[in-house]
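Residue numbers (my numbering): 421 to 483.
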């Protein structure tokens, strides 16, 4: 599982430290694809957010 957080600048990033509101996404590519849709993340973080998938994909592959 990857823990995602919404940074102060509105960008969604992978975060392993745990403070603040977060959302968990599985590492499976199909699961990630569904979870990283803007509407789903906006719901999880209670506001629109920008997703930079490069860092999330890198973290998912790195395990």
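Note that CB positions come from ideal geometry on N, CA and C, so glycine has one too.
Alpha carbon to alpha carbon, what distance is there between residue j and residue i?
i: residue 448; j: residue 482; result: 12 Å
i: residue 439; j: residue 455; result: 21 Å
i: residue 429; j: residue 461; result: 15 Å
i: residue 474; j: residue 463; result: 21 Å
i: residue 452; j: residue 480; result: 9 Å
Quick one: using the 10 Å Cβ neighbour count with 16 as the cut-off for buried, is residue i buried or exposed?
i: residue 432; result: buried
i: residue 436; result: exposed
Go through its chain and collect everything with a Cβ distance to residue i's Cβ below 6 Å, but skip five positions before and after it.
i: residue 426; result: 432, 465 and 469
i: residue 444; result: 421 and 423
What residue does the beta strand (DSSP E) around residue i start on, and which one ends it?
i: residue 424; result: 422 to 426
Name the two residues that bound the continuous alpha helix (DSSP H) containing residue i.
i: residue 476; result: 473 to 482
i: residue 466; result: Taken as a continuous stretch (DSSP letters only), residue 466 belongs to no alpha helix (DSSP H), as it is neither H nor E.
Might you give, ordered along the chain, the residues of its own chain that have their beta carbon closer than 8 Å to the beta carbon of residue i, omitting 5 neighbours on each side?
i: residue 472; result: 431, 432 and 433
i: residue 442; result: 423, 424, 425 and 435
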